[in-house]
Every structure is written in C-alpha cells, then in structure tokens.
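Asker:
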Amino acid sequence: MILYQYRGNIHDNSKQDKKFFIDLITNGSIKFTNPIDFNDPFDCYPNSWGNEIHQGELPHAVVDSCNYMLQKALSQIVGVTCFTPHNDRMLMWSHYASQHKGICIGFDTDILIKECDE
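Numbering (my numbering), first residue to last: 7 to 124.
1) Does the separation of the CB atoms of residue 112 and residue 14 fall below 8 Å?
2) Distance check for residue 114 and residue 9, CA to CA, integer angstroms please.
3) Excluding five sequence neighbours on each side, which residues of the same chain lie with their C-beta closer than 6 Å to the C-beta of residue 16?
4) Taking the straight line between their C-alpha atoms, what separation do you get for residue 103 and residue 40?
5) When we look at the beta-carbon of residue 105 and count the other beta-carbons within 10 Å, is it buried (16 or more) or exposed?
Written out as structure tokens, the structure is:
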C-alpha cells in the first residue's frame, strides 16, 4: 500500500524545512513534528484526568497543573508525522502543499514497516 505526505514548496519554506526535504530525498528520512508546532494548540494535548474531574475526585487546579507538566514532558520526546491514502485531495494540497505549489510524496508501507523494525 502507498501512503502519501503533502509537502510545501521548498522555495517558500524555512531553512529547516528545506533541510528536512533534502534529508527525505537523499536519506529517506521522514520529518516528525513536535506537537507544540501544530496549528491547533489542543492537538495532542493530554486530557488524561477527565474522568476524575467529572467524578469530582480532583480539583481543577491539580488537573491543569498535571496536564501542563505532562504536555511539557511529552513535547520533549514526541514527534508526529501524518500520512494519507489519498494523493488527490484539494484541501490537503491547499493546506499542506503551499497552496498547490508543493509536492505529494508516496511511501510504500512495506518499506516503512521494514525500516521501522530495524
């Protein structure tokens, strides 16, 4: 199966994005983004204490503090990359491929799995 990643135009992006693109082409490296850098600040935001809040077992201040510490710790070790089975979605081209000026790269899942196992 082929999964795709939409990428922006390297001429429109930062030096860091250009480096990731060159690493992808030359070394097969995939970029993993820190959730702190996402557009949505609540993406990957931990909410592991939800049930206890609803049951009144933990004060909100304790929950907020624990969630903040958990998010800070995770942000230092977690990276996320996204794939899609579709290479023809206009919205994806618009949002993630520099307004239709970027590229969409296909990855063979058999090779990805093999590389991850090594």
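Glycine included, each C-beta is placed from N, C-alpha and C at the ideal position. The structure displayed is predicted, hence computed values, not measured ones.
Answerer: Considering the structure as presented:
1) Within the sequence shown, the letter at position 106 stands for residue 112. Within the sequence shown, the letter at position 8 stands for residue 14. Result no, Cβ atoms of residue 112 and residue 14 do not sit closer than 8 Å.
2) As a position in the sequence shown, residue 9 is number 3, starting the count at 1. As a position in the sequence shown, residue 114 is number 108, starting the count at 1. So the alpha carbons of these two residues sit roughly 7 Å apart.
3) Residue mapping note: residue 16 aligns to position 10 of the sequence shown, counting from 1. Correct list, in chain order: 24, 27.
4) For the purposes of this step, residue 103 is taken as residue 97 along the sequence shown, with counting starting at 1. For the purposes of this step, residue 40 is taken as residue 34 along the sequence shown, with counting starting at 1. Distance from the CA of residue 103 to the CA of residue 40, rounded to the nearest whole angstrom, comes to 19 Å.
5) Position 99 of the sequence shown, counting from 1, holds the residue named residue 105. Residue 105 comes out exposed.
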